[in-house]
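To convert, note that position 61 of the sequence shown is 60 in numbering that gives the first Met the number 0; the numbers rise steadily by one, no gaps.
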Amino acid sequence: MACKITELVVECADPQRLADFWCEVLGYVELGWEGDALEIGPPGTGFGGPQPTLVFSPTTEPRRGKLPLHLDVNPTDRDQDAELDRLLAAGARRADIGQTGTESWHVLVDPEGNEFCLLRRRVAAES
Numbered sequence: 000m001a002c003k004i005t006e007l008v009v010e011c012a013d014p015q016r017l018a019d020f021w022c023e024v025l026g027y028v029e030l031g032w033e034g035d036a037l038e039i040g041p042p043g044t045g046f047g048g049p050q051p052t053l054v055f056s057p058t059t060e061p062r063r064g065k066l067p068l069h070l071d072v073n074p075t076d077r078d079q080d081a082e083l084d085r086l087l088a089a090g091a092r093r094a095d096i097g098q099t100g101t102e103s104w105h106v107l108v109d110p111e112g113n114e115f116c117l118l119r120r121r122v123a124a125e126s
């Protein structure tokens, strides 16, 4: 038997702000609060479904440098350029981590500066 990733926990200053951003990016919905932490996930499936949920847990600890983990996202219903425009309008910002300009992905940060990449490949939206 193997394990399954069921949730990813993100420590942050403002759980609601990040939950709103990532709900917009991923098409997720708020699943609820547990104490001070806010969980979001796919509509209709929530925790334990085929995709992991995200839990935004508040912290007052300052972030120490670059995170050792980041998310990669793929457009599901539009091309990469249109998705980049949508993500920037939702509050993402471009990040320079030393790219050459020839990469097939875009490096972005969420409203709290957490890096993520927008890949070129399109994948089907899960229902």
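Backbone N, C-alpha and C define an ideal beta-carbon position, used for all residues, glycine too. Nothing here was measured: the structure is a model prediction, and the numbers come from that model.
Contact check, residue i vs residue j, beta carbons under 8 Å
i	j	result
TRP21	LEU53	yes
LEU107	ALA91	yes
PRO51	ALA36	no
HIS69	CYS11	no
Segment limits, beta strand (DSSP E) that includes residue i
i	result
VAL122	Neither: VAL122 is in no beta strand (DSSP E) and is coded neither H nor E.
PRO57	52–57
GLU111	No beta strand (DSSP E) contains GLU111, which DSSP labels as neither H nor E.
For residue i: DSSP bridge partner residues
i	result
HIS69	Answer is none; HIS69 lacks a bridge partner.
ARG63	None; ARG63 has no bridge partner.
Exposure of residue i, with buried meaning 16 or more beta-carbon neighbours within 10 Å
i	result
VAL72	buried
ILE4	exposed
Where the alpha helix (DSSP H) containing residue i begins and where it ends
i	result
CYS22	14–25
GLU82	79–89
Are the region 94–107 and the region 23–32 touching by the rule of at least three beta carbon pairs closer than 8 Å?
No, because fewer than three Cβ pairs between the region 94–107 and the region 23–32 fall closer than 8 Å, the two stretches do not touch.
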